[in-house]
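Participant: Residue numbers (the working numbering): 20 to 310. Even glycine gets a Cβ: it sits at the ideal position worked out from N, Cα and C. Could you have a look at this structure, given as structure tokens, before my questions?
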């Protein structure tokens, strides 16, 4: 079996052109270097150098071997050095991969992770996409509003988010609409912004308060609630948004809530694999998010 040190000695002799210079570079004795080379040649069954009085001249076999092993040996030595350096560094906190809607993470969840003794790798996406990643083990935890039955996946309630109709502070008032019929008629006649073409959030609002599907066509479909809010602030239309998202805009005098007595609630869950329900990382994230 070929010893790794034989290869290192061979490379050093090849680079320096002599056993004595190679021995100095490797801080070994000349007899030790000669022994390494002889052992390697015996193992391979061929001479690797032609010995001349002043220089070691590589044979064709020596040139071929050098070309093959140099990148491998250098890579191995580089990796060994990296591992030694890493072992001298302070240990990193455990990594937790979290899938989440971008709006909820940026406006509601992120502040809860201050001082967390874990590293987060966050992936943004929609519920169905993130749930698939959870099942596949691509993420450890998922924040979701959809409690889809999936084998091996458990859901814990975090909180109930509240949705309201939001408009620009510059938009018209409710014009005295009082009854549900009047409110529905008034809202139907306005410009609307939606998260999706099927009006996913708006439809829920209509169904709960007016017992019907909305008869509106959105002026703009924007698949990011933060961008929807930005459009509302620019008086491009109205939409149904979560209160946690619009709180700052309302306080800044950019937006307002229409018909605040009409709201809808939606439950937010933390999803994880059942086998991890008692894992300390899961318990800690859940503790911080649960309200």
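1. Give me whichever residues DSSP pairs with residue 118 in a beta bridge.
2. Taking the CB atoms as reference points, tell me whether residue 77 and residue 33 lie closer together than 7 Å.
3. Decide if residue 99 is buried, meaning its Cβ has at least 16 other Cβ atoms within 10 Å, or exposed.
4. Who are the Cβ neighbours of residue 166 in its own chain at under 7 Å, not counting the five residues just before and after it?
5. Where residue 182 and residue 149 are concerned, what is the direct C-alpha to C-alpha distance, given to the nearest angstrom?
6. Roughly how many angstroms lie between the CA atoms of residue 152 and residue 192, to the nearest whole one?
7. Would you report the Cα separation of residue 20 and residue 29, rounded to the nearest angstrom?
8. Near residue 308, what residues of its chain come up, given a Cβ to Cβ distance below 7 Å and the 5 sequence neighbours on each side ignored?
9. Indicate the three-state DSSP secondary structure (helix, strand or coil) for residue 41 in the structure shown.
10. Going by beta-carbon coordinates alone, are residue 196 and residue 202 separated by less than 7 Å?
11. List the residues that DSSP assigns as beta-bridge partners of residue 70.
12. In chain order, which beta strand (DSSP E) runs of at least 3 residues are fully inside the region 152-222?
13. Just to confirm the assignment, what range does the beta strand (DSSP E) spanning residue 289 have?
14. Exposed or buried, which one is residue 267 when buried takes at least 16 other CB atoms within 10 Å?
15. Can the beta-carbon of residue 184 be found less than 7 Å from the beta-carbon of residue 278?
Facilitator: Walking through what the data contain:
1. As a working mapping, residue 118 is identified with position 99 in the chain shown. Residue 118 pairs with 142 and 161.
2. Residue numbering aside, residue 77 sits at position 58 when the chain shown is read from its first letter. Residue numbering aside, residue 33 sits at position 14 when the chain shown is read from its first letter. Against a cut-off of 7 Å, the Cβ pair of residue 33 and residue 77 comes out as a contact.
3. Taking the chain shown and counting its residues from 1, one reaches residue 99 at position 80. Exposure of residue 99 is indicated by the presence of fewer than 16 other C-beta atoms within 10 angstroms of its C-beta.
4. On the chain shown, residue 166 is found 147 positions in, with the first residue counted as 1. Once the five neighbours on either side are set aside, the close Cβ partners of residue 166 are 174 and 288.
5. On the chain shown, position 163 is the one that residue 182 refers to. On the chain shown, position 130 is the one that residue 149 refers to. Distance between the alpha carbons of residue 182 and residue 149 is about 22 Å.
6. As a position in the chain shown, residue 152 is number 133, starting the count at 1. As a position in the chain shown, residue 192 is number 173, starting the count at 1. Each residue's Cα considered, the two are about 44 Å apart.
7. On the chain shown, residue 20 is found 1 positions in, with the first residue counted as 1. On the chain shown, residue 29 is found 10 positions in, with the first residue counted as 1. Their Cα atoms are separated by approximately 16 Å.
8. One-based indexing of the chain shown puts residue 308 at position 289. The beta carbon of residue 308 lies closer than 7 Å to those of 128, 131, 177 and 289 in the same chain, with the five residues before and after it left out.
9. Residue 41 sits at position 22 when you count from the first residue of the chain shown. In the three-state DSSP reduction, residue 41 falls in the helix class (H, G or I).
10. As a working mapping, residue 196 is identified with position 177 in the chain shown. As a working mapping, residue 202 is identified with position 183 in the chain shown. Yes; because the gap between Cβ atoms is below 7 Å, this pair is in contact.
11. Against the chain shown, residue 70 aligns to sequence position 51. Bridge partners of residue 70 according to DSSP: 75.
12. As far as the region 152-222 is concerned, its whole beta strand (DSSP E) runs of at least 3 residues are 160-163 and 172-187.
13. Taking the first residue of the chain shown as 1, we reach residue 289 at position 270. Under the DSSP assignment, residue 289 falls in the beta strand (DSSP E) whose first and last residues are 283-292.
14. Within the chain shown, numbered from 1, the residue matching residue 267 stands at position 248. With fewer than 16 neighbouring CB atoms inside 10 Å of its own CB, residue 267 falls in the exposed class.
15. For the purposes of this step, residue 184 is taken as the residue at position 165 of the chain shown. For the purposes of this step, residue 278 is taken as the residue at position 259 of the chain shown. The Cβ atoms of residue 184 and residue 278 lie closer than 7 Å to each other.
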